[in-house]
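Here is the structure we will look at, set down as structure tokens.
In our numbering, the protein residues as written are 119 to 662.
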């Protein structure tokens, strides 16, 4: 027994294509079909419907016979344009009408009058609107689809067509399949001053200017603002310009040359990193500004790689607290009682100009008097330079307010290595563990390895540790036999009494170190790793 679900899955999917999504009133189609059946009594309605469906199938449009029959009967009021064109063609070929006007006259004689606007569909395919939208954006580079949607909503409301702003904006973005014809007509009225009054003229213009229109649309695309902000910081460092308004003004002028209009406020927000995405036009304008200042033979990528994002120039452009500056100004006036605050402001302004920045003494004097809350770092450094006894003009980190420009692009400092917090065992504990290891050892070199390990851990000479182990062997009477017979001698004998006396570490202490056995802090981590390693790790096999 076959599985119907399995057969359904294996069956190829049939794609039903009912022609274009646009629909037009079916009155003309039905009147033409009735005229055809009246003048051709030998043709049945079913045969006519089947002939229309077969003709559409030859054109790649799959249309069911029952659907055509229901449209002829008027059960379905609208039809695709392809169905109406097929019916009109059959009427002209089979009934002998020389033109469409002759067909319209024959229908008018039977009482069927069709105005041109009555034969047009109320909704059209949204792809037709996309072409007109592209041309409008090309002619209005400084405006967005949002502005166009607001204008369409207002103008259509004046014509009695009520469409919400969100609906129009979605249609301009290509959402959906159909759109009201009034929207299409309104878009053509916007393009009429440019010499485009029909869709055919719009298509011809689009084909002739495809490269330029494509470049304009590419410039409207959005991209991440990280690279743009990096270029802005580079420009500010090269020109020693802390404020973003000057750069925003230059960008506005550069964009205006290409017909793109952006406000100073929007550009300042983009420069400050407050917009996650920007237009590609803005990125191209920023690159053009920087390329004019690059040395000959140097690329923009090379300049970015060679830029220090955490140097003195970056701190000069950062915001700093004005309170320490006012305190230093008071100290300077105390040391120079014959000078005034304005004279100090003139000296600081001159120092700022020699540093490559621009500022007026009228701007500096309120800062020195404590009337401002924050200022740029180069003002702080210029005040420090007025004191000859100051060892450095470095700004303290606690006086810097907010992030340093460009610091977000600096490579992250490597994390400090964490030291082990585990304690090193005492010498007594080590020797007790050595006894257990010797009990199961088969190599004659175990005692020597233990002595070398103790030397690395506790800093005691290996000979001293070996003497302790040798003393254990002599007391047990094992002699050299201890190496040959493993740890049997240690198992039979007790721990030597003099071993505890020679051990500099007091038994039962918390830290495990005596006066001679305490380790330097730098060696404790290495000592722990060596002390905890098993003895078996020194050997490759039992034969060794």
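For each residue, glycine too, the CB sits at the ideal point set by N, CA and C.
Straight-line gap, residue i to residue j (C-alpha atoms, nearest Å)
{"i": "residue 444", "j": "residue 488", "result": "5 Å"}
{"i": "residue 314", "j": "residue 146", "result": "30 Å"}
{"i": "residue 198", "j": "residue 143", "result": "9 Å"}
{"i": "residue 270", "j": "residue 155", "result": "45 Å"}
{"i": "residue 583", "j": "residue 566", "result": "9 Å"}
{"i": "residue 278", "j": "residue 366", "result": "42 Å"}
{"i": "residue 263", "j": "residue 165", "result": "50 Å"}
{"i": "residue 514", "j": "residue 394", "result": "32 Å"}
{"i": "residue 375", "j": "residue 335", "result": "17 Å"}
{"i": "residue 159", "j": "residue 189", "result": "20 Å"}
{"i": "residue 457", "j": "residue 442", "result": "20 Å"}
{"i": "residue 545", "j": "residue 557", "result": "18 Å"}
{"i": "residue 250", "j": "residue 276", "result": "21 Å"}
{"i": "residue 350", "j": "residue 381", "result": "17 Å"}
{"i": "residue 651", "j": "residue 528", "result": "At residue 651 the pLDDT is 47, less than 50, meaning the model places this residue with poor confidence and gives no usable figure here."}
{"i": "residue 597", "j": "residue 568", "result": "At residue 597, the pLDDT of 41 sits below 50, so the modelled position is not reliable; the number obtained from the coordinates is stated separately. In a straight line, the C-alpha of residue 597 is about 18 Å away from that of residue 568."}
{"i": "residue 196", "j": "residue 234", "result": "16 Å"}
{"i": "residue 592", "j": "residue 532", "result": "Bear in mind that the predicted position of residue 592 carries a pLDDT of just 42, short of 50, making it unreliable; the figure below should be weighed with that in mind. Roughly 54 Å between the two C-alpha positions."}
{"i": "residue 416", "j": "residue 510", "result": "34 Å"}
{"i": "residue 268", "j": "residue 371", "result": "27 Å"}
{"i": "residue 317", "j": "residue 303", "result": "10 Å"}
{"i": "residue 577", "j": "residue 564", "result": "19 Å"}
{"i": "residue 352", "j": "residue 289", "result": "41 Å"}
Residue i in three-state terms, based on DSSP
{"i": "residue 427", "result": "coil"}
{"i": "residue 137", "result": "coil"}
{"i": "residue 572", "result": "helix"}
{"i": "residue 253", "result": "helix"}
{"i": "residue 241", "result": "strand"}
{"i": "residue 555", "result": "helix"}
{"i": "residue 663", "result": "Residue numbering for the chain in the displayed model covers 119 to 662; residue 663 lies beyond these limits and cannot be assessed."}
{"i": "residue 472", "result": "helix"}
{"i": "residue 292", "result": "coil"}
{"i": "residue 550", "result": "helix"}
{"i": "residue 143", "result": "strand"}
{"i": "residue 196", "result": "strand"}
{"i": "residue 519", "result": "strand"}
{"i": "residue 342", "result": "strand"}
{"i": "residue 272", "result": "helix"}
{"i": "residue 370", "result": "helix"}
{"i": "residue 330", "result": "helix"}
{"i": "residue 286", "result": "helix"}
{"i": "residue 493", "result": "strand"}
For residue j and residue i, believed in contact at Cβ under 8 Å, the rounded distance
{"i": "residue 286", "j": "residue 343", "result": "Wrong, their Cβ atoms sit about 28 Å apart, outside the cutoff."}
{"i": "residue 467", "j": "residue 485", "result": "About 11 Å separates the two Cβ atoms, so there is no contact after all."}
{"i": "residue 377", "j": "residue 259", "result": "4 Å"}
{"i": "residue 215", "j": "residue 227", "result": "With a Cβ gap of about 12 Å, residue 215 and residue 227 do not count as contacting."}
{"i": "residue 402", "j": "residue 337", "result": "7 Å"}
{"i": "residue 140", "j": "residue 239", "result": "5 Å"}
{"i": "residue 368", "j": "residue 407", "result": "6 Å"}
{"i": "residue 500", "j": "residue 469", "result": "4 Å"}
{"i": "residue 430", "j": "residue 355", "result": "Their Cβ separation, rounded to whole angstroms, is 10 Å, which puts residue 430 and residue 355 out of contact at 8 Å."}
{"i": "residue 274", "j": "residue 301", "result": "7 Å"}
{"i": "residue 346", "j": "residue 400", "result": "7 Å"}
Cβ neighbours of residue i in the same chain (closer than 7 Å, five flanking residues each side left out)
{"i": "residue 465", "result": "504"}
{"i": "residue 254", "result": "266, 305, 308 and 309"}
{"i": "residue 439", "result": "492, 517 and 519"}
{"i": "residue 362", "result": "386, 389 and 390"}
{"i": "residue 292", "result": "244 and 248"}
{"i": "residue 508", "result": "502"}
{"i": "residue 161", "result": "155"}
Residues of its chain near residue i, where Cβ-Cβ distance is below 6 Å and the 5 sequence neighbours each way are ignored
{"i": "residue 434", "result": "495 and 496"}
{"i": "residue 413", "result": "none"}
{"i": "residue 137", "result": "179, 198 and 200"}
{"i": "residue 256", "result": "331 and 334"}
{"i": "residue 194", "result": "188"}
Residues near residue i by beta carbon distance below 8 Å, same chain, minus five either side
{"i": "residue 187", "result": "163, 164 and 167"}
{"i": "residue 398", "result": "336, 337, 338, 339, 340 and 341"}
{"i": "residue 87", "result": "Here the chain has residues from 119 to 662 only, and residue 87 is not among them."}
{"i": "residue 428", "result": "522, 524, 525 and 528"}
{"i": "residue 324", "result": "249, 252, 253 and 331"}
{"i": "residue 209", "result": "150, 153, 154, 215 and 221"}
Near the ligand MG: residue i beta-carbon under 8 Å from a heavy atom
{"i": "residue 260", "result": "Of the ligands one can find in the structure shown there are none, so the ligand MG has no counterpart to examine."}
Next item on the list: Spell out a yes or no on whether the stretch 457-474 and the stretch 409-425 are touching, meaning 3 or more CB-CB pairs, one atom from each, closer than 8 Å.
Entry: no
Check: Are three or more beta carbon pairs between the stretch 289-297 and the stretch 237-247 nearer than 8 Å?
Finding: yes
Notebook entry, point to check: Are the stretch 204-213 and the stretch 167-184 in contact at 8 Å, needing three or more beta carbon pairs?
Noted result: yes
Note to self: Assess contact between the stretch 374-390 and the stretch 553-560, defined as three or more Cβ pairs (one per stretch) separated by less than 8 Å. Is contact present?
What the structure shows: no
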